[in-house]
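One structure is given here, and the rest of the page talks about it.
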Amino acid sequence: TNRRENKMMRALHRLSRPLLRTTTRASSAASSAAVPAAASAGRLVLVSRKAMSSSAEVSEAQRNVVVHGGLKDADRIFTNLYGDGSPWIDGAIKRGDWHRTKDLIGMGRDWIIEEIKASGLRGRGGAGFPTGLKWSFMPKVSDGRPQYLVVNADESEPGTCKDREIMRKDPHKLIEGCLVAGFAMGAHAAYIYIRGEFTYEAECLERAVAEAYKKGMLGKNAAGSGWDMDVYVHRGAGAYICGEETGLIESLEGKPGKPRLKPPFPANVGLYGCPSTVNNVETIAVAPTILRRGASWFSSFGRKGNHGTKLFCISGHINNPITVEEEMSIPMKDLIERHAGGVRGGWDNLLAVIPGGSSVPNLTKEVCDTVLMDFDALREVTSGLGTAGLFVFDKSADMIKGIQRLSYFYKHESCGQCTPCREGTTWLWKVMKRMELGDAKVEEIDMLEELTRQIEGHTICALGDAAAWPVQGLIRNFRPQMEERIAQYKLSQQQQQQKQGTHADQAYN
Amino acid sequence: YFDFTIENYERVNNILNRYPGNYKQAAIIPLLDLAQRQCGGWVPLAAMDKIAKIVEQPPMAVYEVCTFYTMFNRTKVGKYFIQLCGTTPCMICGSEEIKQTIEEHLQIKEGETTPDGLFTLREVECLGSCANAPMIQLNDDYYECLSKESTIALLEACKKGTPPEMGKWGSLPMNGQVSCEGPLGKTSLFEEPPGPGKFMRSDEELVAKINPADVKVQMGYQYDEG
Chain A
280 TNRRENKMMR ALHRLSRPLL RTTTRASSAA SSAAVPAAAS AGRLVLVSRK
330 AMSSSAEVSE AQRNVVVHGG LKDADRIFTN LYGDGSPWID GAIKRGDWHR
380 TKDLIGMGRD WIIEEIKASG LRGRGGAGFP TGLKWSFMPK VSDGRPQYLV
430 VNADESEPGT CKDREIMRKD PHKLIEGCLV AGFAMGAHAA YIYIRGEFTY
480 EAECLERAVA EAYKKGMLGK NAAGSGWDMD VYVHRGAGAY ICGEETGLIE
530 SLEGKPGKPR LKPPFPANVG LYGCPSTVNN VETIAVAPTI LRRGASWFSS
580 FGRKGNHGTK LFCISGHINN PITVEEEMSI PMKDLIERHA GGVRGGWDNL
630 LAVIPGGSSV PNLTKEVCDT VLMDFDALRE VTSGLGTAGL FVFDKSADMI
680 KGIQRLSYFY KHESCGQCTP CREGTTWLWK VMKRMELGDA KVEEIDMLEE
730 LTRQIEGHTI CALGDAAAWP VQGLIRNFRP QMEERIAQYK LSQQQQQQKQ
780 GTHADQAYN
Chain B
100 YFDFTIENYE RVNNILNRYP GNYKQAAIIP LLDLAQRQCG GWVPLAAMDK
150 IAKIVEQPPM AVYEVCTFYT MFNRTKVGKY FIQLCGTTPC MICGSEEIKQ
200 TIEEHLQIKE GETTPDGLFT LREVECLGSC ANAPMIQLND DYYECLSKES
250 TIALLEACKK GTPPEMGKWG SLPMNGQVSC EGPLGKTSLF EEPPGPGKFM
300 RSDEELVAKI NPADVKVQMG YQYDEG
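Note that the protein sequences, when read in sequence, are chains A and B. Convert by adding 279 to the 1-based position in the first sequence; the result is the number in our numbering. Convert by adding 99 to the 1-based position in the second sequence; the result is the number in our numbering.
Dropping the structure here:
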């Protein structure tokens, strides 16, 4: 029944794939005076039509579909991504950071939160929670406890390398973001938790913070705004689980980074028992630019509900592994071919892509042909955008081995608090190790899937889900390969026994 | 017996000042890192006990932290501590070949130290440098975009005592790249970045509504000057 179910699911996916059509947009170099001109007018479009049915409603829908991608340099937020300028405060000011921060803060907390809500910014750290909404959870009036902003710079998700680029090439975007976001949520202190392995990036941040203090951008009356702000850099010591919201808070408090149960949420009881919000580096770093250029500018990119630009980290079997800032909802094929030099050996040599860091299920080539890179489109194909760290497998790759190594990663990084994760990740890895060889029975594939369903959703934090999803993706998309490997192993065992001249294979069956 | 040097005590005080006075425990991780650097790459038990006294916590609190996090070494490591990233994005780009190269060249297995105490090899999890795979972290430095030949060249340079200097951005891609732009070069950001105030929203939209200094009072914040 599982196989029939899978076939049905695959057919349903094929039907629901987005339909693309040519649309030409009249180039609008001069837009209305009220809104700052969006520089990427007249966007590049692809020509592709999938003929599904000739009903009038479908063609009407097709005519209104717009293709995203081809972000212009003038619309990029992280303009020093490849390091052409100086990362320090003089270079930052030349690039437009710290410009009229006082006026932005003077607009008030509610205005800032409304602007971020209107821009459609969603958390860039993996979960994609609407940022404006998250900031609005912080208490407006203090009950005696101070409030904190915590920045999550613990970039440990396999496939992700974007926050380190922000921190070593453009740290002042993050620091200004801390001030603006901290003010919006009523926090006088921000802690940047950076992973221990990023020693150079931590040094960069310390130096940038010191520069900001010296220039009066932080400390009492930060940037002349009237709000006091302190920023502290705290280095971690090598634990993926400290990237989880409450795990990070526990680690900042000086304990092993074991996540807490939620509720209570960090906005009620967070760092040191005080209301705090944990946000990713990229989310905080884009906030001042959104406020300066306008929420409508930011929401002009990407589809509804998936607005803005994103740093994509593309790695694996491609010709040009790169970190690049692009518009949300760009087709995956466009992203890989335009920026990453295309798949090794051509697009048809593609086997699978894991689109959002290792914690999301993989996607096969037929899905990758047409899927868009945003939160909703990837969720529709049972994957996720996560941190937008893509890794690309070509036909030479052993998917089962890749997923086995990921299972080992989760086993290693599990904090050990709750049984489903601690025992489950170990068990998953052991079975995956045997699956890599083929030393298993075909029924064990179903058992493996059942195991992942027992881990998913039954753990204190999302590491359990993150460990379960890659294996589910493997079984969903590569089950024939797994069965083939089992059959091959059995065959090779039989041949070996025949060579040895024993008749034990009868007992084996 | 362990104690911080006079110079390091200054750093200890800096660290303790970052956290609220009644949450000294938060300083355990930075202090352990400082102790590890002072002892040349590992943390002896005496250091853990000393830190427990400084932060006024029972020693078990420090032991828990030290055993939980992977970067704290509780046994001695070689002068060059090679941490090789082995997670899937690096693995599919050839990190296993690099591991084999290192093992053959240094004649040690993963987890061991060379007899002359120069190198220790350990395979660790994702180091956050996936677009520059495969790569290793040597003590504090990232050597990225490795190949078999450049790995051997790196090891030989270390044996002579002169590992290659870090590049402009704090890491060294061994294939000539500058940082994350890829071997074929960057595909965006060819124009000059817009200067301050370009594309800024119009002044009518930015008329100040409140005085931020009042917000603190409105919130009823009891702000501790300490």
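Idealized CB from N, CA, C, for every residue including glycine.
The Cβ-Cβ distance between Cys-229(B) and Ile-601(A) does not fall below 8 Å. Per DSSP, Ser-301(B) lies in no beta strand (DSSP E) segment and is marked neither H nor E. Under the criterion of beta carbons closer than 8 Å, Leu-220(B) and Tyr-242(B) do not qualify as touching, at roughly 14 Å.
Sequence-distant partners of Gly-399(A) (beyond 5 residues in either direction) whose C-beta falls short of 6 Å from its own C-beta, in its chain, are Ser-578 and His-586. By the Cβ rule, the stretch 467–480 of chain A does not count as touching the stretch 390–408 of chain A, because fewer than three pairs are nearer than 8 Å. By the Cβ criterion, the stretch 309–316 of chain B is in contact with the stretch 377–387 of chain A, since at least three pairs of Cβ atoms, one from each stretch, lie closer than 8 Å.
Beta-bridge pairing by DSSP links Asn-558(A) to Val-430(A). Separation of the CB atoms of Pro-640(A) and Trp-748(A) is rounded to 5 Å, and the pair is thereby assigned contact status at 8 Å. Under the Cβ distance rule, Ala-676(A) counts among the residues neighbouring chain B, one pair being separated by less than 8 Å. Contact note: Asn-310(B) reaches chain A through Gly-385 and Gly-505, using a C-beta cutoff of 9 Å and chain order. For Arg-117(B), a Cβ of chain A is located within less than 8 Å of the residue's own Cβ.
A residue is called buried once 16 or more other Cβ atoms fall within 10 Å of its Cβ, and Leu-770(A), having fewer, is exposed. Against Ile-593(A), the close residues of chain B are Ala-230, in the order they occur along the chain (beta-carbon pairs closer than 8 Å). Rounded to the nearest whole angstrom, the CA to CA distance from Ile-754(A) to Cys-184(B) is 26 Å.
Only residues of its own chain outside the window of five on either side were considered, and among them none has a CB closer than 6 Å to the CB of Asp-369(A).
Membership of Ala-631(A) in the beta strand (DSSP E) is indicated by the continuous run 629–633. Contact between Ile-563(A) and Val-430(A) holds, with the beta-carbon distance rounding to 6 Å and staying under 8 Å.
The stretch 722–738 of chain A and the stretch 603–616 of chain A do not touch, with fewer than three beta-carbon pairs separated by less than 8 Å. The three-state reading of DSSP puts Arg-117(B) in coil, since its state is none of H, G, I, E or B. Considering only Gly-663(A), Val-632(A) and Ala-619(A), the residue with the shortest C-alpha distance to Lys-674(A) is Val-632(A).
Ala-145(B): member of the alpha helix (DSSP H) spanning 144–153, first to last residue.
Here DSSP, grouped into helix, strand and coil, assigns Pro-272(B) to strand.
In this structure, DSSP gives Gly-595(A) an extended state, which the three-state scheme calls strand. For the C-beta of Glu-692(A), the chain B residues within less than 7 Å are, from N- to C-terminus, Glu-224. The continuous alpha helix (DSSP H) containing His-204(B) extends over residues 194–205.
In this structure Ala-667(A) is buried. Its beta-carbon is surrounded by 16 or more other beta-carbon atoms within 10 angstroms.
Among the bridge pairs identified by DSSP, Glu-243(B) is matched with Pro-272(B).
Residue-level contact check: Glu-290(B) touches chain A, since one or more beta carbons of chain A fall below 8 Å from its beta carbon. Val-420(A) counts as exposed, since fewer than 16 other C-beta atoms from the protein chains shown sit within 10 angstroms of its C-beta. Look at Glu-455(A): its C-beta is not under 8 Å from any C-beta on chain B.
Listed by position along chain A, the residues whose Cβ is nearer than 7 Å to that of Cys-138(B) form an empty set, because the closest Cβ is around 15 Å away.
Gly-227(B) places its beta carbon 8 Å or farther from that of Phe-670(A).
For Pro-610(A), the beta-bridge partners assigned by DSSP are Leu-651(A). As a beta-bridge residue in DSSP terms, Asp-673(A) pairs with Leu-629(A).
Of the candidates Val-277(B), Met-190(B) and Val-164(B), Met-190(B) places its Cα closest to the Cα of Val-223(B).
DSSP lists Val-223(B) as the bridge partner or partners of Cys-184(B).
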